[in-house]
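Going by the numbering used here, the sequence shown opens with residue 311, and the numbers climb by one from there.
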Amino acid sequence: MTFERSFRSIVILTGAGISAESGLGTFRDRDGLWTKYDLSEVATPEGFARNPVLVHDFYNARRRNLLEAQPNAAHAALAALERQWGGDFLLVTQNVDDLHERAGSQRLLHMHGELLKIRCEHCGHVTAWPGDLDLATACPACGNAGSLRPHVVWFGEMPLYMEEIYDALQSCDLFVSIGTSGQVYPAAGFVAEVRRAGRAHTVELNLDPSDGHSLFAERLYGPATEIVPEFVARLFASA
Ligand code: OAD
């Protein structure tokens, strides 16, 4: 099956589901991270202020896990789409993993930050950080100790790159949401934003219907490693 129209400007939103088959847990599925950890303890500024050791342990474990994971066929299909697509392309991810980059994606915005980076709350400097972090580590830029935190967006904090993302949502003609439950805003509201602009085809690719599934014009359900490469092949066939 091909599309009845061709597209010039694509925005793709990804969530934890695209990395699930790489061995990284999702948040809200059975066995998801938020069934094992209290998000108010490990993913809020207040939790970090109360117990920074617990928060560092949580992100250290996730960092180690990530270094063992590999991009899967869904990440690879999106990288190939970007490489071979003639028009505008933007990949917005809620994921803090680096599997899109490792698969070759370049026009990529990490709206919830990046697990393999840390930030100094004293001077604001962001540093690449693949290893463990603890309270004794000093900032490589200003030398301050105890002021480093994971460069991830916590609940109650503002996601990154929002202006650029909303501009792209308003001007795209294809919006594809992949592997996200649609429970966390602002990302959960992107499809409504795209619909308000009134010109884009909207597609959901997920294992199960998301909370906002009825807002999408087209919906395909299955594992990301199967449905994302199939969808990308269909796009190329219509181009
Ligand atoms: P969720 O855990 O909320 O949702 C994951 C989605 O992926 C679900 O809808 C699953 O059905 C789907 N899924 C699971 N396995 C899949 C597979 N193999 N193929 C395709 N889909 C699959 O994760 P997100 O929606 O990404 O934010 O969560 C959004 C945000 O909430 C995260 O970025 C994180 C979290 O709290 C922060 O930490 C700020």
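Each residue gets a CB set at the ideal place from its N, CA and C atoms; glycine is no exception.
Continuous alpha helix (DSSP H) stretch holding valine 463: start and end: No alpha helix (DSSP H) holds valine 463; DSSP gives it neither H nor E.
Using DSSP's beta-bridge definition, name the partner residues of aspartate 576. The shown model of the chain, from 311 to 549, leaves out residue 576, and the question about it has no answer.
Whether leucine 409 touches proline 381 by CB criterion (8 Å): yes
Sorted by chain position, which residues of the same chain lie with C-beta nearer than 6 Å to phenylalanine 399's C-beta, five sequence neighbours on each side aside? Ile320, Glu392, Arg417
Assuming contact is defined by CB atoms lying nearer than 8 Å, are valine 538 and valine 513 in contact in what I supplied? no
Can you give the Cα-Cα distance for valine 462 and leucine 334, rounded to whole angstroms? Approximately 16 Å between the Cα atoms of the pair.
If you count every other CB in all the chains shown that lies within 10 Å of the CB of cysteine 571, and 16 or more means buried, which is it? Outside the shown range of the chain, which is 311 to 549, sits residue 571, and nothing can be said about it.
Return the first residue and the last residue of the beta strand (DSSP E) that aspartate 398 is part of. 398-403
Residue interval of the alpha helix (DSSP H) (run including valine 542): 534-548
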